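First up is the structure itself, then whatever we jot down about it.
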């Protein structure tokens, strides 16, 4: 009987160790933080866009830092929204070598944001659904890039409170990819989608 129990015990022990190693090898995004970068599309209230001479949407870029602890998730960073300038103006400029040329203005919005919320990690361990609330402030203007003495115009465009829902997919290398939808509750932006890449540690 002892000779029979020894191989059985050995098999059970190896099975439990293999199962434990398999669980440990599953990367769970229960804790982590790191830098992220995102690109997306942002909608703008059509009436505001008309009176300010810009398009009703823009391409958004964000750079920030975020973290995840159990079911708590947060982030903050800087945003840049490239607007379509429908009231563009032109101006003759001169470079440092005395060469003159005519350049046209462009419209952009720069700002910062902060967000926090709840994250539910699915049983697979490599996917989560996040629901966050945040606040973003922006300053928009129409100007000619790389020109210190050129004309500029302020664009009356406000941001504010928003709700962000997203799915995040992460892997054992420590990187994460998110696809989210952002709905603005106040301000002149309406909402949009973005794709985010995060390198965690």
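Residue numbers (my numbering): 96 to 296.
Note that CB positions come from ideal geometry on N, CA and C, so glycine has one too.
All of these numbers come straight from a predicted model, not from anything done at the bench.
Would you say residue 179 and residue 135 are within 7 angstroms of each other, going by their C-beta atoms? no
Can the beta-carbon of residue 177 be found closer than 7 angstroms to that of residue 203? yes
Just to confirm before moving on: does the CB-CB distance between residue 265 and residue 271 stay below 7 angstroms? yes
Minimum Cβ-Cβ distance from residue 183 to chain B less than 7 angstroms: In the structure shown, chain B does not exist; there is a single protein chain.
Do the region 190-200 and the region 157-167 make contact, defined as three or more Cβ pairs closer than 8 angstroms? no
Using the C-alpha atoms, what's the distance from residue 174 back to residue 230? 12 angstroms
Taking the alpha helix (DSSP H) that residue 144 falls in, what are its first and last residues? 141-147
Same chain, Cβ closer than 7 angstroms to residue 251, neighbours up to 5 away in sequence not counted: 147
If you draw a straight line from the alpha carbon of residue 43 to that of residue 256, how long is it in whole angstroms? Limits of the chain in this structure are 96 at one end and 296 at the other, which puts residue 43 out of reach.
Please state whether DSSP places residue 296 in a helix, a strand or coil. coil
Roughly how many angstroms separate the alpha carbons of residue 185 and residue 168, rounded to a whole number? 45 angstroms
What is the DSSP secondary structure of residue 267, counted as helix, strand or coil? coil
Would you identify the three-state DSSP class for residue 282, choosing helix, strand or coil? coil
Are the CB atoms of residue 161 and residue 205 within a distance shorter than 7 angstroms? no
Take residue 213 and list the residues in its own chain whose beta-carbon comes closer than 8 angstroms to its own, dropping the five residues that flank it on each side. 166, 167, 168, 225, 226, 227
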